[in-house]
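Reviewing the structure listed below.
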Amino acid sequence: MGLVVEIEYSRTQCASSNLIMNNKPNRFFHKLVRSSVAISVFVLLFSGCSSEKPFDGTNESFLSAYSGYTVVTSISTDPATGPGIVSLFDSSGNFIETLRDLFPSSEWSSGSTFVSPDKVIIGIANGARMEQLNLATQSSTNFTTARMNGAPNRSLVQDTIDGTIYLVEQNGASSTIEKYDSDGNPIGAPFIVTSVGSCVLNNPTSIAFISTNQNVAVIQVNRLNIYSKTGSCVATVTAAPFSSNTPYALAYHALTDKLIVAFAGNHSIYACTTLGTGCVLIYLSSSIINTPRSLAVDSSGSIYVGSSGTDTVEKLLWEGSGSATRVGTSSFIGPGIYSQNPTSIMVIP
Numbered sequence: 099m100g101l102v103v104e105i106e107y108s109r110t111q112c113a114s115s116n117l118i119m120n121n122k123p124n125r126f127f128h129k130l131v132r133s134s135v136a137i138s139v140f141v142l143l144f145s146g147c148s149s150e151k152p153f154d155g156t157n158e159s160f161l162s163a164y165s166g167y168t169v170v171t172s173i174s175t176d177p178a179t180g181p182g183i184v185s186l187f188d189s190s191g192n193f194i195e196t197l198r199d200l201f202p203s204s205e206w207s208s209g210s211t212f213v214s215p216d217k218v219i220i221g222i223a224n225g226a227r228m229e230q231l232n233l234a235t236q237s238s239t240n241f242t243t244a245r246m247n248g249a250p251n252r253s254l255v256q257d258t259i260d261g262t263i264y265l266v267e268q269n270g271a272s273s274t275i276e277k278y279d280s281d282g283n284p285i286g287a288p289f290i291v292t293s294v295g296s297c298v299l300n301n302p303t304s305i306a307f308i309s310t311n312q313n314v315a316v317i318q319v320n321r322l323n324i325y326s327k328t329g330s331c332v333a334t335v336t337a338a339p340f341s342s343n344t345p346y347a348l349a350y351h352a353l354t355d356k357l358i359v360a361f362a363g364n365h366s367i368y369a370c371t372t373l374g375t376g377c378v379l380i381y382l383s384s385s386i387i388n389t390p391r392s393l394a395v396d397s398s399g400s401i402y403v404g405s406s407g408t409d410t411v412e413k414l415l416w417e418g419s420g421s422a423t424r425v426g427t428s429s430f431i432g433p434g435i436y437s438q439n440p441t442s443i444m445v446i447p
């Protein structure tokens with residue numbers, strides 16, 4: 099016989115300062131404990147205040163596959179100063195569980211990727227590490243600390259061909275791109291330095307892997323860089339639309355072999371070739387998507403946009419031509435604490 103216990107408490111009971119920012123609601127921590135033991139049931143309750151938790155974990159033990167589930171990293175403050183939450187949602191956008199709660203530290207997660215069959219790798223901003231969250235064992239370990247220097251923001255993506263992980267370190271004119279094997283060992287020192295040919299890094303905010311040619315695309319203010327698998331500069335684009343309106347987030351749309359780019363400055367979503375040319379506007383509605391700073395694309399080609407101005411994640415349909423359309427009449431996720439200032443979105447393949 100199953101038992102479901104839900105515990106909810108306000109974080110403001112555990113802190114002298116109020117976490118309401120910009121008239122946004124208090125952050126709450128939800129813990130869902132499930133047990134299906136027939137004879138005895140063990141329920142762990144906790145009270146009082148604690149420091150940073152190693153892993154809040156998903157207790158959805160009935161999950162045998164995570165395909166189509168969405169991982170959203172979010173942060174309580176904008177501009178980002180921490181703390182952050184990593185949350186799991188089902189394929190319909192329903193909240194499942196908090197995977198990682200970085201309260202009360204000043205750290206947050208600014209990127210994630212999935213390692214089959216049950217692990218999520220997250221990059222920790224304001225912390226010099228990547229963590230591995232094991233969904234099956236509900237445990238958290240350091241994936242790597244090698245060649246990480248506490249950058250204020252970092253984004254990561256997985257090479258879908260060989261499983262290696264790329265990470266961009268946002269460190270101004272000293273920004274780099276690191277690469278790691280499946281065990282967290284660094285490749286290169288760093289893999290891509292600040293300047294490679296005409297490709298120059300300066301506070302990059304997003305990275306995407308292009309599976310058709312195994313190139314890597316990196317976005318930053320007023321510039322798109324394209325690198326080869328070996329780290330050489332393939333192309334750099336500074337012309338419109340990248341020359342203005344703060345290009346911020348990037349994702350690869352495999353079904354159309356296009357790059358999807360979100361512009362935080364004017365709330366627009368563009369589709370471009372994998373060399374950053376031929377860009378066309380595919381979505382603009384500032385009341386729905388406002389200050390987009392994160393993007394993801396699932397296996398069916400649906401586009402997920404993290405809208406910081408509305409504290410939501412929106413889902414769009416786009417078939418390669420014309421305008422993208424919003425799925426449904428309301429947000430896919432949010433608004434709420436688990437989508438507050440979303441810093442990254444990852445759809446489990």
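In terms of the working numbering, the sequence shown is numbered consecutively and its last residue is 447. C-beta atoms are modelled at their ideal positions from N, C-alpha and C, and glycine is treated no differently.
Counted within 10 angstroms of its Cβ, other Cβ atoms place residue i as buried (16 or more) or exposed
i	result
residue 99	Residue placement at residue 99 is flagged as unreliable, the pLDDT there being 39, under the threshold of 50; a coordinate-derived value is accordingly withheld.
residue 417	exposed
residue 271	exposed
residue 240	exposed
residue 181	buried
residue 410	buried
residue 440	buried
residue 345	buried
residue 328	exposed
residue 336	exposed
residue 168	buried
residue 341	exposed
residue 372	buried
Member of the options whose CA lies at the smallest distance from the CA of residue i
i	options	result
residue 433	421, 407, 424	407
residue 334	262, 320, 185	320
residue 412	419, 273, 444	444
residue 338	361, 348, 350, 279	361
residue 421	380, 216, 385, 442	380
residue 215	172, 164, 200	164
residue 294	282, 357, 311, 274	274
residue 317	437, 414, 265	265
residue 218	206, 231, 414	231
residue 207	197, 220, 201	220
residue 288	267, 186, 296	267
residue 348	439, 238, 438, 393	393
residue 401	383, 423, 296, 200	423
residue 322	297, 311, 329, 328	297
residue 396	414, 384, 369	414
residue 236	205, 198, 202	198
residue 442	183, 382, 238	183
residue 398	357, 427, 352	352
residue 425	172, 178, 189	189
residue 330	292, 340, 336, 359	292
residue 446	172, 187, 178, 300	187
residue 290	340, 282, 315	315
residue 282	263, 299, 300	263
residue 311	382, 350, 301, 202	350
One or two residues paired with residue i in a DSSP bridge
i	result
residue 413	402
residue 223	206
residue 381	367
residue 43	Coverage of the chain is limited to positions 99 through 447, which leaves residue 43 absent and any answer about it impossible.
residue 390	405
residue 228	221, 242
residue 167	Its beta-bridge partners do not exist; DSSP assigns none.
residue 317	304, 322
residue 431	411
residue 193	187
residue 278	263, 284
residue 350	357
residue 212	218
Same chain, Cβ closer than 7 Å to residue i, five either side skipped, listed in chain order
i	result
residue 332	313, 324, 325, 326
residue 261	280
residue 258	307, 309
residue 161	No answer about residue 161 holds up, because its pLDDT of 47 lies below 50 and its placement is not dependable.
residue 384	365
residue 370	356, 357, 359, 376, 377
residue 234	216
Chain-order list of residues whose beta-carbon lies under 6 Å from that of residue i (same chain, five-residue window excluded)
i	result
residue 269	249
residue 285	277
residue 185	170, 196, 436
residue 354	418
residue 166	189
residue 427	none
residue 457	Residue coverage of the chain in this structure runs from 99 to 447, which leaves residue 457 outside it and unanswerable.
Close-in-space but distant-in-sequence residues of the same chain around residue i (CB under 8 Å, 5 per side omitted)
i	result
residue 343	361, 362, 363, 364, 366
residue 204	179, 180, 181, 224
Residue i: CB within 7 Å of a non-hydrogen atom of the ligand ADP
i	result
residue 394	Among the components of this structure there are no ligands whatsoever, and the ligand ADP is therefore not found.
Open item on the list: Does the contact criterion of 3 or more C-beta pairs under 8 Å hold for the stretch 245-257 versus the stretch 220-236?
Closed with: yes
Point to revise | Cβ contact check for the stretch 191-202 and the stretch 368-379: 3 or more pairs under 8 Å | key: no
#### Entry: Touching by the beta-carbon criterion (3+ pairs, under 8 Å), the stretch 384-391 and the stretch 404-419
yes
Query raised in the report: Is the stretch 203-215 close to the stretch 423-438, with three or more CB pairs under 8 Å?
Result: no
- Message: Any contact between the stretch 253-265 and the stretch 294-310? By contact I mean 3 or more CB pairs, one from each, below 8 Å.
- Response: yes
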